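In case it helps, UniProt numbering puts the sequence shown at residues 1 to 302. Where is the CB? At the ideal position from N, CA and C, for every residue including glycine. Every value quoted in this text rests on a predicted model; they were computed, and no experiment measured them.
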Amino acid sequence: MATVRTGASTTTTRGWTRGRGGGQRARAATLARASNTTNARFALLFDCDGVIVETEELHRMAYNGAFEAFGLTIGDAALNWSVEYYDVLQNTVGGGKPKMKWHFKENGWPNTPNAPAPESDADRDALVDALQDKKTEIYKKIVEEVAVARPGILELMDEAIADPSIAVGICSAATKAGFEKVVNSVVGQERLSKLDVLMAGDDVTKKKPDPLIYNLARDKVGLPASKCLVIEDSIVGLRAAVGANMPCLITPCGSNQDADFMGEGASCVVSDVSEVRLAMLFPENAQEPQFDGVKGVSNVRA
Numbered sequence: 001m002a003t004v005r006t007g008a009s010t011t012t013t014r015g016w017t018r019g020r021g022g023g024q025r026a027r028a029a030t031l032a033r034a035s036n037t038t039n040a041r042f043a044l045l046f047d048c049d050g051v052i053v054e055t056e057e058l059h060r061m062a063y064n065g066a067f068e069a070f071g072l073t074i075g076d077a078a079l080n081w082s083v084e085y086y087d088v089l090q091n092t093v094g095g096g097k098p099k100m101k102w103h104f105k106e107n108g109w110p111n112t113p114n115a116p117a118p119e120s121d122a123d124r125d126a127l128v129d130a131l132q133d134k135k136t137e138i139y140k141k142i143v144e145e146v147a148v149a150r151p152g153i154l155e156l157m158d159e160a161i162a163d164p165s166i167a168v169g170i171c172s173a174a175t176k177a178g179f180e181k182v183v184n185s186v187v188g189q190e191r192l193s194k195l196d197v198l199m200a201g202d203d204v205t206k207k208k209p210d211p212l213i214y215n216l217a218r219d220k221v222g223l224p225a226s227k228c229l230v231i232e233d234s235i236v237g238l239r240a241a242v243g244a245n246m247p248c249l250i251t252p253c254g255s256n257q258d259a260d261f262m263g264e265g266a267s268c269v270v271s272d273v274s275e276v277r278l279a280m281l282f283p284e285n286a287q288e289p290q291f292d293g294v295k296g297v298s299n300v301r302a
């Protein structure tokens with residue numbers, strides 16, 4: 001049996017659950033390997049968006065689709081997030097609802113065709129919730145049509161799953177509905193059934209860059225933080241890993257290529273994960289993850 005943590009409660013389950021807040025969780029992802037984590041020497045924890053799949057542009061399209069569907073305007077302008085602006089959001093705020101709230105706080109709350117900008121906290125939360133639901137609906141349709149895994153990432157995951165000394169997990173800041181769609185479509189049921197940890201943004205009370213999701217993953221696998229290697233693609237995700245005192249391999253995607261990952265505490269930056277093999281990261285007899293022998297590294301911490 002495995003434990004899936006939600007912000008409201010902790011439920012023992014062999015798959016996704018229905019939390020206290022309601023909402024049917026996906027039938028996917030029985031966490032069959034969870035009972036074997038006591039034998040693990042290390043853990044390999046993958047972010048989802050940007051690491052497993054390059055979803056940055058897909059999310060942006062879905063947000064703009066939701067804004068258009070609601071007819072949102074700020075001042076006289078229709079609300080639309082440009083590629084350049086979304087790059088800023090990606091490296092500033094983790095999670096969908098926090099992104100919208102941050103934007104509205106900075107730029108003003110939007111009007112709809114039938115109502116002025118909300119003024120109370122309750123009305124603002126209701127608008128953000130409705131926008132997020134619409135965005136997720138649009139995003140799931142886009143994922144079905146175009147989402148594919150980044151080169152090499154599933155091969156590395158398969159290597160780790162096959163090694164009983166490595167606990168494997170996915171820790172995403174995305175809302176569960178969108179996250180489930182990506183992992184079901186791209187990662188697949190067979191792999192998901194063998195993971196030790198599977199957590200989305202809804203499963204924690206604080207989203208990245210807060211380290212909570214990685215701290216919970218550490219507790220789940222029962223290993224020291226120094227033995228839990230995180231793979232991330234963004235500054236926000238990196239800060240979560242560093243905040244949890246975990247080494248972090250960065251594989252930049254899209255607009256993140258020029259970010260100062262090493263300055264933010266990354267262990268190394270890898271441009272092409274297809275060059276990375278499990279034995280490079282976890283050599284035999286090593287006490288901590290290693291990076292000196294990793295191929296495709298553009299930067300490595302001394």
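- Here DSSP, grouped into helix, strand and coil, assigns E155 to helix.
- The stretch 206 to 214 makes contact with the stretch 89 to 102, as at least three CB pairs between them are under 8 Å.
- Apart from sequence neighbours up to five positions away, the residues of its chain that approach G293 with a beta-carbon distance below 7 Å are M280, ordered along the chain.
- Of the candidates F67, D219 and F179, the residue whose Cα lies closest to the Cα of A200 is F179.
- Taking 7 Å as the cut-off, the Cβ atoms of V168 and L44 count as close.
- Its Cα nearest to that of N111, the residue E68 stands out among E68, E56, P224 and K141.
- In the same chain as N64, and ignoring 5 residues on each side of it, the C-beta atoms closer than 7 Å to its own belong to N80 and W81, in chain order.
- Annotation: V270 is outside any alpha helix (DSSP H); the continuous beta strand (DSSP E) that includes it extends over C268 to V270.
- Closest by C-alpha distance to P252, out of N245, A266 and M246, is A266.
- By the beta-carbon neighbour count (other beta carbons within 10 angstroms, threshold 16), S165 is exposed.
- For K99, same chain residues with a beta-carbon under 6 Å away, outside a window of 5 residues either side, are L89 and V93 in chain order.
- Scanning G254, G108 and T73 for the CA closest to the CA of V51 turns up G254.
- Beta-bridge partners of F42 (DSSP): I166.
- In the structure shown, A115 falls within a strand segment according to DSSP collapsed to helix, strand and coil.
- Rounded to whole angstroms, L223 and D196 show a C-alpha spacing of 12 Å.
- Between the alpha carbons of N245 and L229 lies a distance of about 10 Å.
- Counting along the chain, the unbroken alpha helix (DSSP H) around E56 starts and ends at E56 to F70.
- Taking each of S234, A130 and L192 in turn and checking the Cα distance to V270, the smallest one comes out for S234.
- For D233, the secondary structure class from DSSP, reduced to helix, strand or coil, is coil.
- For M280, the uninterrupted alpha helix (DSSP H) segment begins and ends at L278 to L281.
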